[in-house]
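Numbering-wise, this note's numbering puts 272 at position 272 of the sequence shown, and it's gapless, one number per residue. Note that beta-carbon positions come from the ideal geometry of N, C-alpha and C, so glycine has one too. Being a predicted model, the structure only gives us computed values, none of them experimental.
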Amino acid sequence: MHDPRFDKLADILIRHSTQLQAGENILIEAFDAPPEMTAAILRAVEKAGGNPMVNIRQAQVTRALMQGATEDSMKLNAKVALNQMKQVQAYIGLRGGHNSAELSDVPGEKMRLYSRLWMHPVHLEQRVKKTRWCVLRFPSPAMAQEAQMSTEAFEDFFFDVCTFDYSKMQSAVEPLKQLMEQTDQVRLVGPGTDLEFSIKNIGVIPCYGTHNIPDGECFTAPVKNSVNGSITFNVPTIEGGVTHENVNLQFKDGKIIEASSSNTPKLLEVLDRDKGARYIGEFSIAFNPYILQPMKDILFDEKIAGSFHFTPGQAYEQADNGNRSEVHWDMVCIQRPEFGGGQIYFDDKLIRKDGEFVVKELKGLNIENLKKSARQGK
């Protein structure tokens with residue numbers, strides 16, 4: 001049965017997120033996604049006058065490919081993928097419901113091959129920097145289970161949050177962007193967290209549905225050597241199919257000097273992947289009013305209202321502190337009261353307390369205000 005919500009989401013992806021123009025090329029990569037949604041995107045591409053290419057991928061096949069990978073085979077695949085990516089002006093990555101731990105038993109050296117030879121040149125260097133891209137998940141029973149919701153309720157939640165009126169978010173986030181551009185010192189305080197760093201003269205990027213669906217964050221990066229103190233993350237995070245809980249990082253002059261988690265050996269394996277992995281490439285404040293609980297999916301978790309994320313590894317070119325790495329690992333901390341609370345200070349001024357913005361010009365980003373704005377079209 002045709003679901004009209006598929007067409008509405010596809011229209012947002014083509015018209016708002018990638019802003020595809022007639023005659024432009026677009027690559028759609030569908031990972032374990034329903035063909036009906038991929039077809040809906042293709043119809044939207046046709047309507048816009050674009051030229052689509054489609055890659056159909058499956059997590060189990062990817063696991064088998066990576067387990068048997070050699071340097072030569074990884075270079076071959078990456079060469080073909082990079083050439084394909086160079087042909088397009090836009091990219092959509094649609095990820096359906098696969099086992100989030102599917103790659104957990106891929107040997108570390110194989111993951112490093114993939115990261116160095118495929119992920120870094122094809123995605124971090126070419127796609128991220130040189131295309132208009134958007135990545136999103138698609139609802140599945142597995143995702144509903146992680147979110148502790150029924151499948152039907154999760155589908156309703158998914159389409160509500162993904163078809164949010166992001167134009168209203170765009171106007172509401174502008175004061176936060178301006179304030180971050182004027183800020184030097186940031187301090188994060190909360191359970192297990194007392195961290196200070198500078199964001200002076202680093203770019204600030206507001207996000208409202210152009211690169212991620214769902215969306216709702218404003219990011220920059222710390223001055224590379226300025227991070228000092230300790231931070232503890234209260235949201236589980238997955239890297240290479242391995243789940244980490246209660247990640248704690250200790251910093252001195254920008255570098256992670258101590259680290260622990262529920263799987264410290266695997267954590268250290270990632271942080272030792274290259275020199276840049278022990279420095280931070282992103283700091284972001286999140287505010288999606290419909291995403292309130294973690295669900296072990298970073299595209300949702302990094303947008304949780306009242307949260308921030310801090311990212312070991314590669315910096316984005318638009319907010320560049322010079323850090324380079326094969327790693328880009330978003331780690332999330334929620335500061336709403338039910339998660340332990342916390343504060344964010346800009347230049348010693350309290351900006352957000354227990355997940356709520358307290359500065360007048362930023363209150364439009366608080367949960368009820370942002371929902372109301374979208375509903376009323378204000």
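Item	Value
DSSP-derived helix/strand/coil call for residue 145	helix
For residue 120, the three-state DSSP class (helix, strand or coil)	helix
DSSP beta-bridge partners of residue 207	217
The stretch 26-35 touching the stretch 211-221, judged by at least three CB pairs closer than 8 Å	no
For residue 331, the nearest candidate out of 314, 324, 352, 308 (CA to CA)	308
Own chain partners of residue 192 with C-beta closer than 6 Å, once the 5 adjacent residues on each side are dropped	232
contact_flag[the stretch 87-105, the stretch 125-133] where n(CB pairs < 8 Å) is 3 or more	yes
Ranges of the alpha helix (DSSP H) found wholly within the stretch 237-289, counting only runs of at least 4	264-271
Nearest residue (CA-CA) to residue 293, options 327, 149, 314	149
Close beta carbons around residue 378, own chain, < 6 Å, minus the five adjacent residues each side	Only weak support exists for where residue 378 lies, its pLDDT of 43 falling under 50; the value from the coordinates is given anyway. Same-chain partners within the cutoff: there are none.
Sequence-distant residues of the same chain with beta carbon closer than 6 Å to residue 75, five excluded per side	117
Contact under 7 Å by Cβ, residue 52 with residue 45	yes
Best match in 127, 244, 240 for proximity to residue 104 [C-alpha to C-alpha]	240
As assigned by DSSP and simplified to three states, the class of residue 390	Nothing about residue 390 can be reported from this structure: the residues present for the chain run from 1 to 378 only.
Helix, strand or coil at residue 226 according to DSSP, with G and I counted as helix	coil
Residue 210 and residue 373 closer than 7 Å at C-beta	no
Pairwise C-alpha distance: residue 81 and residue 71	15 Å
For residue 270 and residue 314, the rounded distance between their alpha carbons	13 Å
Whole-angstrom distance between residue 22 and residue 243, CA atom to CA atom	42 Å
Coil, strand or helix - residue 171 by DSSP	helix
Short Cβ contact (7 Å threshold) for residue 106 with residue 67	yes
Burial state of residue 303, where buried means 16 or more other Cβ atoms lie within 10 Å	buried
Nearest candidate by alpha-carbon position, reference residue 325, set 3, 78, 273, 156	273
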